[in-house]
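The numbering of the sequence shown is our numbering, which starts it at 141 and goes up by one.
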Amino acid sequence: MTWWRNAIVYQIYPRSFADSNGDGVGDLRGIVEHIDHLTELGVDVVWLSPVYPSPHDDNGYDISNYQDIDPVFGTLDDFDTLVETLHRNGIRLVMDLVVNHTSDEHPWFAESRASRDSPQRDWYWWRPPRPGMTPGTPGAEPTNWVSYFGGPAWEFDEATGEYYLHLFTRKQPDLNWENPEVRAAVHDVMRWWLARGVDGFRMDVINMISKDPSLPDGQPGTAGAAQGLLADGRPHFICGPRLHEFLREMHDSVFARHPAQLLTVGETPGISHEEGRLLTDPARRELDMVFQFEHVTLDCGQTKWDRRQLDLRELKASFARWQNGLGDGWNSLYWDNHDQPRAVSRFGDDDPEYRERSAKLLAAVLHLHRGTPYIYQGEELGMTNVPFSHIDDFRDIESLNHYRHAVASGADPDDVLDALRSRSRDNARTPVQWTNGRHTGFTTGTPWLPVNPNHTEINAADQRKDPDSVFHFHRRLIALRHTESVVVDGDYTLLLPQDEQVWAFTRRLDSTELLVLANLSRDHVAPALDPTPWAHADTLLTNYPDAGQPPSPFRLRPWEVVVYRRVVVAGS
Ligand code: GLC
141 MTWWRNAIVY QIYPRSFADS NGDGVGDLRG IVEHIDHLTE LGVDVVWLSP VYPSPHDDNG
201 YDISNYQDID PVFGTLDDFD TLVETLHRNG IRLVMDLVVN HTSDEHPWFA ESRASRDSPQ
261 RDWYWWRPPR PGMTPGTPGA EPTNWVSYFG GPAWEFDEAT GEYYLHLFTR KQPDLNWENP
321 EVRAAVHDVM RWWLARGVDG FRMDVINMIS KDPSLPDGQP GTAGAAQGLL ADGRPHFICG
381 PRLHEFLREM HDSVFARHPA QLLTVGETPG ISHEEGRLLT DPARRELDMV FQFEHVTLDC
441 GQTKWDRRQL DLRELKASFA RWQNGLGDGW NSLYWDNHDQ PRAVSRFGDD DPEYRERSAK
501 LLAAVLHLHR GTPYIYQGEE LGMTNVPFSH IDDFRDIESL NHYRHAVASG ADPDDVLDAL
561 RSRSRDNART PVQWTNGRHT GFTTGTPWLP VNPNHTEINA ADQRKDPDSV FHFHRRLIAL
621 RHTESVVVDG DYTLLLPQDE QVWAFTRRLD STELLVLANL SRDHVAPALD PTPWAHADTL
681 LTNYPDAGQP PSPFRLRPWE VVVYRRVVVA GS
């Protein structure tokens with residue numbers, strides 16, 4: 141069996157994990173020093189966000205050298221020590237591969253921008269200004285595409301008189317995958333890390349590597365109020381014409397030649413489950429699994445900053461669609477990562493009265509779906525969003541750019557700040573809360589982003605001592621996946637799809653069946669399910685201490701989750 145089907149992945153955002161040298165930024169040695177946290181939790185894989193040399197315009201997702209470690213994080217020797225320590229503890233390591241774009245400080249780009257005749261000119265997307273327009277003025281860009289972080293997706297280069305494409309910041313020029321030399325160079329980088337002992341890759345925005353080479357304009361009016369005449373270009377670069385071909389080529393020239401089975405997970409915004417099936421069907425030899433975004437856009441309007449009340453029925457339907465819609469493909473399951481606000485504040489209830497229960501509930505619901513669960517650092521503690529009070533509290537370029545564009549286009553700064561408070565990526569990026577002490581034990585210096593003041597209540601040291609903590613609840617869920625094959629392979633059935641408060645589903649493998657019942661509200665509820673078949677079930681897991689045998693009829697208290705297991709006898 142493929143090893144990652146019953147694995148749990150833990151994501152480390154190194155800048156915020158643990159700082160060993162007091163410079164206020166987390167580093168590789170800091171991870172090594174906290175290995176016991178990971179082994180106690182029981183995770184199988186670490187996904188490490190980028191640690192390569194970078195100008196850090198986008199916190200390392202702008203890479204200037206693919207084959208080294210940024211001094212802020214340590215050295216290649218530290219990296220080797222990390223791999224060795226993880227492996228010794230039975231944990232694999234997955235690297236973040238950011239190859240849709242490089243940094244503008246990468247030598248490939250420096251060479252490409254040097255002149256129009258550079259042999260590497262075609263490694264990036266260079267285009268002349270729009271005919272008849274004055275180069276460098278608004279509207280002269282080759283297309284009207286908005287960049288992900290606001291403003292046009294094209295930057296004018298005075299020296300050579302052309303624009304280059306950057307779907308993210310202007311310091312993240314997009315590589316031109318049409319050029320076979322680019323693809324070969326990326327494959328070389330991957331082989332180099334594999335030879336160093338890594339066990340797979342998480343591939344940043346990998347479904348954007350193939351663009352429609354004719355670069356058509358986007359539909360006017362689709363970029364959001366703050367972006368004026370710019371438009372959403374996604375139809376022309378999400379899952380472009382050669383995506384599957386490029387991934388198959390990568391599979392055949394890198395993964396298939398590696399002696400051990402790897403884990404490959406693509407970050408793929410904006411895809412449907414049909415596309416997810418194509419990307420992850422093992423017979424097609426592309427990727428093992430993908431991060432899809434459907435469930436994290438259900439509470440958004442035209443952009444992520446437009447907040448919309450989540451409808452639980454839509455969330456359940458989305459999960460169910462992906463559970464049953466992938467055929468032989470495989471899901472990755474996540475609530476949180478370094479780009480999303482904290483799940484407990486978003487899908488749960490971070491009021492102190494419900495925080496722990498709702499964090500446990502979200503974990504149980506996620507981990508008991510079919511697929512490989514991902515835990516983002518701090519999620520195992522129930523870390524929450526941050527009470528940012530001023531725009532100067534933010535560090536993330538996406539948040540800062542959005543504030544600037546929105547306020548310039550007339551939005552009320554307080555409203556913009558309010559949206560940032562619930563949606564900014566910095567919510568996920570405050571340091572991991574290790575202790576209730578100074579800077580939560582993250583650093584002896586000044587943290588690059590201040591710690592969440594609630595570390596006095598939410599921290600690893602306290603939770604590891606408390607068997608009822610969110611941390612130990614995660615530990616039990618992880619152990620369950622390792623021991624109960626129904627969690628890995630069981631069929632999935634959504635129950636009560638129209639219930640607006642209860643998330644109920646079963647998993648079934650041979651004669652073992654699990655029932656997961658979760659109440660995503662502060663009310664006492666009575667799910668309309670027949671309890672008879674469950675009368676003699678065991679209670680496998682719950683977030684209330686006194687939950688015993690299944691009640692008849694079923695009842696759930698505020699934010700209660702309970703998991704029952706029964707042996708199915710013929711006809712029941
Ligand atoms: C991905 C990363 C995000 C980054 C972007 C550009 O979405 O997860 O952090 O800003 O790609 O690399």
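Cβ atoms here follow ideal geometry from the backbone N, Cα and C, with glycine treated the same way.
Quick caveat, the model's predicted, so the values are computed rather than measured.
Task: Three-state secondary structure (DSSP) of F395 - done: helix
Open item on the list: Contact defined as beta carbons within less than 8 Å: I believe R342 pairs with L237. What is the distance between those atoms, to the nearest angstrom?
Closed with: 7 Å
Open item on the list: Taking the straight line between their C-alpha atoms, what separation do you get for G279 and G358?
Closed with: 13 Å
Open item on the list: Given this structure, state the Cα-to-Cα distance separating P691 from R697, to the nearest angstrom.
Closed with: 12 Å
Task: CB contact flag (A601, T575, <9 Å) - done: yes
Task: Helix, strand or coil at G291 [DSSP, three-state] - done: coil
Open item on the list: My parser needs the alpha helix (DSSP H) runs of 4 or more residues fully inside the segment 592-660; what are they?
Closed with: 600-605, 610-623 and 625-629
- [ ] On the DSSP bridge assignment, give the partners of T679 in chain order.
- [x] Y704
Open item on the list: Quick check on the DSSP output: the beta strand (DSSP E) that includes I231 runs from which residue to which?
Closed with: Segment: none, I231 is in no beta strand (DSSP E) and carries neither H nor E.
Open item on the list: Once DSSP output is grouped into helix, strand and coil, what is the label at I515?
Closed with: strand
TODO: For Y150, write down the residues that DSSP places opposite it in a beta bridge.
DONE: V186 and I515
Task: Assigned secondary structure, T524 (DSSP; H/G/I helix, E/B strand, else coil) - done: coil
- [ ] Could you tell me how far apart the beta carbons of S301 and P275 are, in whole angstroms, since I believe they sit closer than 8 Å?
- [x] The amino acid at residue 301 is misidentified as Ser; the sequence shows Gly. Contact holds; Cβ gap of about 6 Å.
- [ ] Can you give me the Cβ contacts of P409 inside the same chain, cut-off strictly under 6 Å, excluding the 5 residues immediately before and after it?
- [x] F433
TODO: Quickly, what does DSSP pair V286 with across the bridge? List them, please.
DONE: P292
Task: Per-residue burial, Q151 [other beta carbons within 10 Å of its own, 16 or more giving buried] - done: buried
- [ ] Following the continuous beta strand (DSSP E) through V430, name the residue where it begins and the one where it ends.
- [x] M429 to F431
Open item on the list: I'd like to confirm something about P409: is its beta-carbon nearer than 8 Å to some heavy atom of ligand 1, or not?
Closed with: yes
Task: Selected residue, minimal CA-CA separation from V120, among I175, L681 and F289 - done: Past the boundaries of the shown model lies residue 120; the chain is included only from 141 to 712, so the question cannot be answered.
TODO: Just confirm the distance between the C-beta atoms of R563 and W445, as a whole number of angstroms; I'd bet it's less than 8 Å.
DONE: 6 Å
Open item on the list: Taking only three categories from DSSP, how would you classify D218?
Closed with: helix
- [ ] Under 7 Å Cβ to Cβ from I618, same chain only, skipping five residues before and after it: list those, please.
- [x] I148, L181, G182 and V183
Open item on the list: Along the chain, where does the beta strand (DSSP E) containing G406 start, and where does it finish?
Closed with: L403 to E407
TODO: May I ask which residues mark the beginning and end of the alpha helix (DSSP H) holding L540?
DONE: I537 to A548
Open item on the list: Which of the three DSSP states is assigned to M343 in this structure?
Closed with: strand
- [ ] Work out the CA separation of L419 and S412 for me, nearest whole Å.
- [x] 11 Å
TODO: Answer yes if the segment 376-387 comes into contact with the segment 448-458, meaning at least three C-beta pairs across the two stretches below 8 Å, and no otherwise.
DONE: no
Open item on the list: I need the straight-line Cα distance from G170 to L216, nearest angstrom please.
Closed with: 15 Å
Open item on the list: Between the alpha carbons of P195 and P673, how many angstroms are there, rounded?
Closed with: 60 Å
TODO: Sort Y201, F386, W332 and A365 by Cα distance to K351 and report the nearest one.
DONE: F386
Open item on the list: Which same chain residues end up closer than 6 Å to E367 when comparing Cβ atoms and leaving out the 5 residues on each side of it in sequence?
Closed with: The displayed chain sequence assigns Gln, not Glu, to residue 367. V286.
Open item on the list: Does V665 pass the burial test, meaning 16 or more other C-beta atoms within 10 Å, or should it be called exposed?
Closed with: buried
Task: Reduced DSSP category for E245 - H, G, I as helix; E, B as strand; rest coil - done: coil
Task: Nearest neighbour of G166, chosen from T580, R267, D686 and N146 [CA to CA] - done: T580
Open item on the list: Can you check which of these residues, G361, I346, P685 and G272, is closest to M390 by C-alpha distance?
Closed with: I346
Task: Contact the segment 429-443 vs the segment 209-224: 3+ CB pairs below 8 Å - done: no
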